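Residue numbers for the sequence shown follow this note's numbering, so the first one is 301 and each next one is one higher.
By construction, the Cβ of each residue, glycine as well, lies at the ideal position given by its N, Cα and C atoms.
These figures come from a predicted structure and were not determined experimentally.
First comes the structure, then the notes that go with it.
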Amino acid sequence: MKLWGGRFIKETNKLVHNFNSSISFDSRLFRHDIKGSIAHATMLAKQGIISEDEKDSIVKGLGGIMEDIENGLLKITEEYEDIHSFVESNLIGRIGEAGKKLHTGRSRNDQVALDMKLYVRNEIDELDQLIKNLMVTLNQIMKDNTETFMPGFTHLQKAQPVTLAHHLGAYFEMFKRDRQRLYDIKNRMNTSPLGSGALAGTTYPLDRDYSAKLLGFDGPTMNSMDGVSDRDYLIELLSALSILMMHLSRFSEEIILWNSNEYQFIELDDAYSTGSSIMPQKKNPDIAELVRGKTGRVYGALISLLTTMKGLPLAYNKDMQEDKEFTFDAIDTAKDCLSLFEGMLSTMKFNNAIMENSAKMGFINATDAADYLVNKGLPFRDAHSIIGKLVLTCIDKGVSLDDLKLDDYKAISPIFEDDIYEAISLKNCVNKRNTIGAPGKKAMEKIIKMNEEYLQV
Ligand code: ARG
């Protein structure tokens with residue numbers, strides 16, 4: 301079942317065959333391999349390198365192979381070295397002599413480079429759609445929660461009050477950048493390696509522009525050695541997926557914290573939680589934990605491919621076959637995580653009252669209390685120190701700034717009046733913050749509207 305038996309006298313060692321083969325994992329490229337071959341044959345006929353009849357027969361044969369694989373009538377079996385050998389051998393089996401002409405002016409080196417680009421281009425579209433779905437859910441939750449107050453944290457210490465809409469809005473921005481990265485990669489990689497041959501082009505008068513156009517590329521690659529050995533776009537994709545996973549992982553970490561008994565900001569739906577085999581009370585956030593865990597796996601794929609490529613002389617080397625399994629796994633992992641995340645997010649319950657109560661405790665309106673004094677003419681540094689003293693008094697008395705008596709305020713600074721309570725109320729603290737990107741209701745509503753428009757295209 302080999303494409304290259306002619307020069308060999310002895311059979312390949314069985315272990316060598318297994319070690320060398322990629323069919324167990326590149327079989328998933330069958331559609332892209334066939335699509336690429338149809339474009340190649342069409343171009344060969346246009347250039348008069350094969351006849352129209354031969355092309356028709358090849359195209360029909362390849363179409364039949366695609367259909368039969370899809371319907372389960374044709375099984376991809378492991379005695380072939382790779383998906384390219386499988387398709388070509390099958391074609392020859394089906395249509396005879398004309399099938400032997402398909403590989404004219406082509407090498408498996410430009411063929412596999414093409415297949416991977418076609419595959420990745422399609423996967424980028426699917427990933428993009430999944431991120432977008434997640435963002436639709438996110439923006440809806442934001443819309444419903446512009447007045448759900450919660451503490452904003454720095455150093456995981458309560459810092460200043462925000463809203464749930466504002467907190468989730470940060471993830472919306474991250475996912476927006478993730479989509480932009482995918483878009484950039486797709487644009488940059490959109491050149492066709494087909495016609496690069498093994499490494500040095502071919503002597504046949506191929507029309508590379510034409511085959512590139514048939515396959516939806518912006519044009520052909522401009523150096524045949526680069527064409528067969530460029531894996532930058534895979535490294536870029538794995539890098540973009542690593543960043544995406546890092547975002548999902550941070551989000552997961554927050555969900556795990558928020559779902560804990562200590563926080564109780566959210567409750568995960570039963571359908572998105574798991575139990576313990578020993579502790580009957582447990583409802584665990586396994587999905588969020590797994591998303592956080594699987595992030596390491598995607599980082600691993602990136603480091604693996606960077607390492608594989610770093611020492612390779614031009615042009616093709618078999619090391620490059622190692623680009624596939626990790627890339628496929630990273631794409632599959634990211635897609636699974638995105639779908640699950642959307643489901644987990646759209647079904648979880650937010651405990652608004654607990655979040656708001658948590659925002660009330662912890663002096664997160666202390667900055668606003670200082671701003672109150674600044675508005676009354678005090679320099680900020682002095683105000684900061686006065687409020688610091690007030691916080692100490694509150695800790696001493698076991699009350700919040702909201703509940704501290706006016707007399708106690710006045711004992712530290714006579715500037716305080718009754719309007720301090722209004723100035724430091726949670727709602728005011730948040731809703732006075734209306735600069736672009738701030739959590740105030742008006743500012744947030746503008747952002748949510750912008751998000752809606754963004755999601756419509
Ligand atoms: N399975 C190979 C790969 O994934 C296909 C290209 C093989 N080319 C070669 N000259 N052996 O890279």
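Look at N652 here: in three-state DSSP terms it is helix. Listed in chain order, the non-local C-beta contacts of S552 below 6 Å within the same chain comprise A588, V591 and R592, local neighbours out to five positions each way being set aside.
Comparing C-alpha distances from L468 to each of M450, K302 and A670 shows the shortest one belongs to M450.
Pairing D703 with E567, the inter-Cα distance amounts to about 30 Å. Counted as a single uninterrupted DSSP element, the alpha helix (DSSP H) harbouring V387 occupies residues I383 to I395. For the 8 Å CB-CB criterion, V420 and L538 do not form a contact. Within its own chain, the residues whose Cβ lies closer than 6 Å to the Cβ of R733, once the five positions on either side in sequence are excluded, are P739 and G740, listed in chain order. In the structure shown, V420 adopts helical secondary structure according to DSSP, grouped into three states. The alpha-carbon separation between N439 and A470 amounts to approximately 11 Å. Residues of the same chain with a CB within less than 6 Å of the CB of A743, apart from the 5 flanking positions on each side, are N734 in chain order. The beta-carbon separation of R477 and I431, rounded to 10 Å, does not stay under the 8 Å limit for a contact.
In the structure shown, S529 falls within a helical segment according to DSSP collapsed to helix, strand and coil. Beta-carbon to beta-carbon, L494 and D410 are separated by about 6 Å, close enough to satisfy the 8 Å threshold.
Per the Cβ contact rule, the stretch 325-344 is not in contact with the stretch 642-660 (fewer than 3 Cβ pairs under 8 Å). Here the alpha carbons of D530 and S542 stand approximately 20 Å from one another.
When C-beta atoms of the stretch 599-608 are compared with those of the stretch 575-589, fewer than three pairs fall below 8 Å, so the two segments do not count as touching.
Secondary structure of M546 (DSSP, three-state): helix. Cβ atoms of G363 and G399 stay farther apart than 8 Å, at about 13 Å. Here DSSP, grouped into helix, strand and coil, assigns F330 to helix.
Taking 7 Å as the cut-off, the C-beta of R408 counts as close to a heavy atom of ligand 1. With respect to M545, T595 sits close: the two C-beta atoms are nearer than 8 Å. Excluding five sequence positions before and after D668, the CB atoms of its chain that fall closer than 7 Å to its own CB belong to A723, I724 and C729, given in chain order. For A459, no alpha helix (DSSP H) run applies; the uninterrupted beta strand (DSSP E) run containing it begins and ends at Q457 to T463, by DSSP. In this structure, Y709 keeps its C-beta atom at 8 Å or more from the C-beta atom of I695. The Cβ atoms of H384 and F475 do not sit closer than 8 Å to each other.
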